[in-house]
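**Q**
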Ligand SMILES: C[S@@+](CC[C@H](N)C(=O)[O-])C[C@H]1O[C@@H](n2cnc3c(N)ncnc32)[C@H](O)[C@@H]1O
């Protein structure tokens, strides 16, 4: 199956079950198809931004960790207190093989996560806030489990930000004093094959 076919399927998933079924089929080929074949640069770009704000000894949750590409790059950059969370058991199985996470959680963002409040110094999420994936309501729980003063760093597709309720949710959270926007980066293409709408921006918020 081509990457475009896979993306069409995952972006149009109608529910969590459908989405996890697609990722179950993709898990073993994900790294090869994205990194080797399509030069997937989003994880390294996000780690570059995160490292401006987050100390090396920070406890970091990789939310929507997938196969652990972000965790691997964080680890290679000196971060070692890393935990992974994903909806897909098969993606987490691949992430576990990288031996960079100290804990892995199979959880659904958008639902209560069951993790203690103020547990993490930072949360990173790459490629997980997009069509058919984690909803904007995920931020409520992510903020709850981040320590005050901690950071939430994530990517958003430009077209998705404009067309979804994310813009409204992110602004409302700032108005309610839950977090503060620290930085929003320039657009970049996460893949060598990305089409115009597929550009990302990296957002950095500091939890209040
Ligand atoms: C495009 S992949 C990105 C994985 C990894 N962050 C990366 O950059 O390679 C999106 C990941 O988000 C996970 N995901 C999607 N919706 C989710 C949800 N509601 N809760 C938790 N994980 C979710 C998927 O299972 C998948 O592993």
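Residue numbers (the working numbering): 1222 to 1429.
The C-beta atom is built at its ideal place from N, Cα and C for all residues, glycine as well.
Between the alpha carbons of residue 1361 and residue 1331, how many angstroms are there, rounded?
**A** 8 Å
**Q** What does a CB cutoff of less than 7 Å around residue 1341 pick up in its chain, not counting 5 residues either side in sequence?
**A** 1280, 1281, 1282, 1366, 1367, 1368, 1371
**Q** Counting along the chain, where does the beta strand (DSSP E) carrying residue 1369 start and finish?
**A** 1367-1378
**Q** For residue 1345, which option in 1272, 1373, 1414 has the closest C-alpha, if you only look at C-alpha atoms?
**A** 1373
**Q** Evaluate contact between the segment 1377-1391 and the segment 1235-1246, counting only Cβ atoms and requiring at least three cross-stretch pairs below 8 Å.
**A** no
**Q** Rank 1303, 1391, 1255 by C-alpha distance to the C-alpha of residue 1403 and give the top, closest one.
**A** 1391
**Q** Can you give me the C-alpha to C-alpha distance between residue 1359 and residue 1234, rounded to a whole angstrom?
**A** 17 Å
**Q** With DSSP as the reference, identify every bridge partner of residue 1404, one or two as the case may be.
**A** 1425
**Q** Considering only DSSP beta bridges, list what residue 1409 is partnered with.
**A** 1421
**Q** Report all residues from its chain with a CB closer than 8 Å to the CB of residue 1295; omit the five preceding and five following residues, and keep chain order.
**A** 1268, 1271, 1281, 1283, 1303, 1321, 1345
**Q** Which residues bound the alpha helix (DSSP H) around residue 1310?
**A** 1310-1318
**Q** Identify, in the order they occur along the chain, each residue of the same chain with its Cβ nearer than 8 Å to the Cβ of residue 1337, setting aside the five sequence neighbours on each side.
**A** 1366
**Q** Do you know whose CA, among 1307, 1318, 1314, 1377, lies nearest residue 1334's CA?
**A** For the residues 1307, 1318, 1314, 1377, the minimum Cα distance to residue 1334 belongs to 1307.
**Q** Indicate the three-state DSSP secondary structure (helix, strand or coil) for residue 1277 in the structure shown.
**A** coil
**Q** Thinking C-beta only, is residue 1387 closer than 8 Å to residue 1410?
**A** No. Outside cutoff.
**Q** Look at the Cβ atom of residue 1376, then the Cβ atom of residue 1423, and state whether they are nearer than 8 Å.
**A** yes
**Q** Indicate the three-state DSSP secondary structure (helix, strand or coil) for residue 1235 in the structure shown.
**A** coil
**Q** Near residue 1408, what residues of its chain come up, given a Cβ to Cβ distance below 8 Å and the 5 sequence neighbours on each side ignored?
**A** 1379, 1420, 1421, 1422
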